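*Asks:* Chains as they are written, first to last, in this note's numbering: chain A, 163 to 854; chain B, 171 to 343.
Here's a structure for you.
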């Protein structure tokens, strides 16, 4: 029964999306408000139906309806409730349905909140978002249906959504005994929330894309589409940032190699839209403030969504070899066709509007040190990073396959060589750009503004040197990164003290007043500060990581980076609630003879999981200064010998990456949920328009 | 309810403030483009690896000593792990270039006595949990003159990829 409800609601949602697509375009063409209104209602219906479909799948997972092939492949009777629910996005078919639900939710939210203010854009916003939704539902229904069931027909086992002729349902006992269970690697809290965050980020960029396309299609090329979609773009960017950080944390905790970013194609596929999206969030300010970069912004917003769809295609089609990718699937060609078609239509629309002179800038760049020029430079560096990472992940294999009849891939050496100079350029611009003014700034004035942050950065470096850091690369890297951070702090401090003096507020009141009055600027500084903290963490953990491995008997110790790690004992065969069997070592971390913390690295065995069923779980002592990260590699427990082998990493400053993420979230929230959605220039132009 | 305005906005063709310093932007942009192209070309030279099959590796002597990327099916019986020194040795079997069913391709490769096999040696590597029988290994490294592939990078496919299995019919069901 659950499967029938799931299939029906998904199919009806597909029909509703198609109906909304047709009616919105028909309504726009015939200028019929009734048809557009009907399309809008169909958007809401599609959302409700998809919500029902996802709820049904979760119920099937919780109630252990193993005849549904998706439930059978991602869960088993020993799995706890929490992971049973999060198995909704544990594999291809479920995650595609979940993706569609989020897409429908964003589309419904955007239509609901902008219906009265942006009526002219609405038909096209509906058309673009529903075309995307209908495509993803097509994949869910015809290629990766999460409601397919197993049927025995003769000697064959079929997997279909509809009951086949002569089909007999397998017995419950057989299904329960053979059910796969969720991949052990995915049974981690970070993995439970990392995919939804990433999907929210990906799907969220649909809204600015749909509004931009609506602006091009309708001819309303004012800043309306930007104002309507700014918060959505920021929210999507926040989710995508969170998804990336959580993905890094999952890799750090679960994959057991002491790192968090491996330049894997799938990681890069998620990073690419973030790069273009960040460039868009910066350059869109120039259009709002100065009426410039109209065509460029259109390309960036299309590029962001295009990167989302391409990344999804690359990850889910089997195009790239990665530990993170989904199973090879038939969805590859349709996804590529959709990505290609959507991109071509969007680019054609931009070129068409541009040829009509409707995307002309209202000002030209007057000064190379003006804020808009520096923002453009920042944009170019983001785009350069995008091209470099895209080439390294996808471009090189595809081009070599097409033109050289060989498959050439680029290893991590490529990324380690190409990306650091570009990241350094970004941090330098992140420091300088906020110090310049709109319109024009002289080099002398810029130098004066930068003096105090430069002195502070230099003072920081002297402190680092006194602490024993002498590696030139590290000093250059830290100099650039902390300069950007000091600019954010100093600029906020100056404004804050001005308020304290003029308004008589205390510093905390003044800080929140600043965020209220100019959330975009001071929220932005908070984001820059978060990125600085992340940069400090990345530099520390990359340049100064230490590792060692040793076999120890109980009572023996090993030394690393000033720490002593003592092996205290071993407990084999511990059984947890979910049925996994754990072999646990006990270690004590000491410094200068003082015990700091007990760690329990372990190896888990999942007896109910087929094939890959062991998992090494790291244990670490985490402080802001560093992580002592321990892995149980092997052990030998005999009556005469009780030895275990450990690998230990010390990762300096690695926790700043996660803490920097929190600062970044706070900054984005401050910039997103502000009262100021309309810049002064737009307010003025609206008022002029109203009185005309 | 707001009224819909369908008319298109009049677009002003006026363009103000043409910059006299436009050449600076072009020069700056050109220099930046050159720097980025240089970085990408240099990086490609340093990081490029041919991704080839075991058959191609073994039949072309020019690959000996060259850093390449290969893929193969792990024969679980051959895995030898020296945990004290973090050294792993195992054998992989040649896999076809293209296949529909990964699990089946891995199974066939390992059980095909005629498939080419390659000994792999990995140092300073904790044995990955996914290094098991019939896993797909993707390795970067060099083939020595002794016929052993010394891998510097070992990547194994995530088990979530093995979704192709279905519940088998038991007797009497």
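C-beta: ideal position from N, C-alpha, C; glycine also.
Remember, predicted model here, so these are calculated numbers, not experimental data.
Below 8 angstroms, can you find three or more Cβ-Cβ pairs linking the segment 194–213 of chain A to the segment 277–293 of chain A?
*Replies:* Between the segment 194–213 of chain A and the segment 277–293 of chain A there are three or more inter-stretch CB-CB distances shorter than 8 angstroms, so the stretches are counted as touching.
*Asks:* When DSSP labels each residue in this structure, what does residue 255 of chain B get in the three-state scheme?
*Replies:* coil
*Asks:* Check the Cβ-Cβ distances between residue 202 of chain B and every residue of chain A, and say whether any is below 9 angstroms.
*Replies:* Chain A, which has a Cβ nearer than 9 angstroms to the Cβ of residue 202 of chain B, makes this yes.
*Asks:* Chain B partners of residue 778 of chain A, CB-CB under 8 angstroms?
*Replies:* 296 and 299
*Asks:* If we count the other Cβ atoms within 10 Å of its Cβ and call it buried at 16 or more, is residue 777 of chain A buried or exposed?
*Replies:* For residue 777 of chain A, the number of other beta carbons within 10 angstroms of its own is at least 16, and it is reported as buried.
*Asks:* Would you tell me roughly how many angstroms separate the C-alpha atoms of residue 767 of chain A and residue 745 of chain A, rounded to the nearest one?
*Replies:* The straight-line gap from Cα to Cα measures roughly 8 angstroms.
*Asks:* Anything in chain B within Cβ reach of residue 713 of chain A, meaning under 8 angstroms, just list it in chain order.
*Replies:* 253 and 254
*Asks:* Name, please, each residue of chain A whose Cβ falls closer than 9 angstroms to the Cβ of residue 213 of chain B.
*Replies:* 550, 553, 554, 572, 575, 576, 577, 578, 579, 580 and 581
*Asks:* Leaving aside the five residues before and after residue 402 of chain A along the sequence, list all residues of the same chain whose C-beta is less than 6 angstroms from its C-beta, in chain order.
*Replies:* Excluding five sequence positions before and after residue 402 of chain A, the CB atoms of its chain that fall closer than 6 angstroms to its own CB belong to 363 and 436, given in chain order.
*Asks:* For the segment 335–366 of chain A, list the alpha helix (DSSP H) runs that are entirely contained and at least 4 residues long, ordered along the chain.
*Replies:* 351–366
*Asks:* Listed in chain order, which residues of the segment 796–814 of chain A have Cβ atoms closer than 7 angstroms to some Cβ of chain B?
*Replies:* 796, 807 and 809
*Asks:* Check whether the Cβ atoms of residue 685 of chain A and residue 781 of chain A lie closer than 9 angstroms to each other.
*Replies:* no
*Asks:* Does residue 293 of chain B pass the burial test, meaning 16 or more other C-beta atoms within 10 Å, or should it be called exposed?
*Replies:* exposed
*Asks:* Keeping to the same chain, check which residues put their C-beta closer than 6 angstroms to that of residue 239 of chain B; ignore five residues upstream and five downstream.
*Replies:* 219, 221 and 310
*Asks:* Could you tell me the boundaries of the beta strand (DSSP E) in which residue 720 of chain A lies?
*Replies:* 719–722
*Asks:* Distance cutoff 9 angstroms, beta carbons only. Does residue 329 of chain A sit that close to anything in chain B?
*Replies:* no
*Asks:* When you compare each of B/324, B/193, B/258 and B/263 to residue 284 of chain B by their alpha carbons, which one comes out closest?
*Replies:* B/263
*Asks:* Would you verify that the beta carbon of residue 680 of chain A is, or is not, closer than 9 angstroms to some beta carbon of chain B?
*Replies:* no
*Asks:* Select from the segment 410–429 of chain A all residues with a C-beta closer than 7 angstroms to any C-beta belonging to chain B, and list them in chain order.
*Replies:* 418
*Asks:* For the candidate residues B/279, B/193, B/248 and B/296, whose alpha-carbon lies nearest to that of residue 322 of chain B?
*Replies:* B/296
*Asks:* Our contact map puts residue 307 of chain B next to residue 579 of chain A with C-beta atoms below 8 angstroms; I'd like the distance itself, whole angstroms only.
*Replies:* That pair is no contact at about 26 angstroms.
*Asks:* Please report the residue range of the beta strand (DSSP E) in which residue 419 of chain A lies.
*Replies:* Taken as a continuous stretch (DSSP letters only), residue 419 of chain A belongs to no beta strand (DSSP E), as it is neither H nor E.
*Asks:* Anything in chain B within Cβ reach of residue 257 of chain A, meaning under 8 angstroms, just list it in chain order.
*Replies:* Correct list: empty, because the minimum Cβ distance to chain B is about 11 angstroms.
*Asks:* Could you say if the segment 540–555 of chain A and the segment 196–216 of chain B meet the contact criterion of at least three C-beta pairs nearer than 8 angstroms?
*Replies:* yes
*Asks:* Excluding the 5 residues preceding and the 5 following residue 590 of chain A in the sequence, name in chain order all residues of the same chain whose CB lies nearer than 8 angstroms to its CB.
*Replies:* In the same chain as residue 590 of chain A, and ignoring 5 residues on each side of it, the C-beta atoms closer than 8 angstroms to its own belong to 642, 645 and 646, in chain order.
*Asks:* Please tell me whether residue 183 of chain A and residue 272 of chain A are closer than 9 angstroms, where the distance is taken between their beta carbons.
*Replies:* no
*Asks:* Use the C-beta contact count for residue 792 of chain A: other C-beta atoms within 10 angstroms, 16 or more gives buried, fewer gives exposed.
*Replies:* Counting the other CB atoms within 10 Å of its CB gives residue 792 of chain A a total of 16 or more, which places it among the buried residues.
*Asks:* Please report whether the beta-carbon of residue 208 of chain A lies at a distance below 9 angstroms from any beta-carbon of chain B.
*Replies:* Judged by the 9 angstroms Cβ criterion, residue 208 of chain A is not in contact with chain B.
*Asks:* Consider the Cβ of residue 850 of chain A: report whether some Cβ of chain B lies at a distance smaller than 9 angstroms.
*Replies:* Low confidence applies to residue 850 of chain A: its pLDDT is 37, below 50, so where it sits in the model is not reliable enough to give any reading.
*Asks:* When the Cα atoms are used, what is the spatial distance from residue 726 of chain A to residue 786 of chain A?
*Replies:* 19 angstroms
*Asks:* How big is the Cα-Cα spacing for residue 715 of chain A and residue 753 of chain A?
*Replies:* 20 angstroms
*Asks:* Give the interface partners of residue 793 of chain A over in chain B, defined as CB-CB distance under 8 angstroms, in chain order.
*Replies:* 296
*Asks:* Residue 378 of chain A to residue 270 of chain A, Cα distance in whole Å?
*Replies:* 21 angstroms
*Asks:* Who are the near neighbours of residue 275 of chain B in its chain, counting only those whose CB is closer than 6 angstroms to its CB and skipping five residues on each side?
*Replies:* 265 and 269
*Asks:* May I ask which residues mark the beginning and end of the beta strand (DSSP E) holding residue 736 of chain A?
*Replies:* 725–737
*Asks:* Just curious, the alpha helix (DSSP H) that residue 310 of chain B is in, first and last residue?
*Replies:* Per DSSP, residue 310 of chain B lies in no alpha helix (DSSP H) segment; the continuous beta strand (DSSP E) that holds it begins and ends at 306–313.
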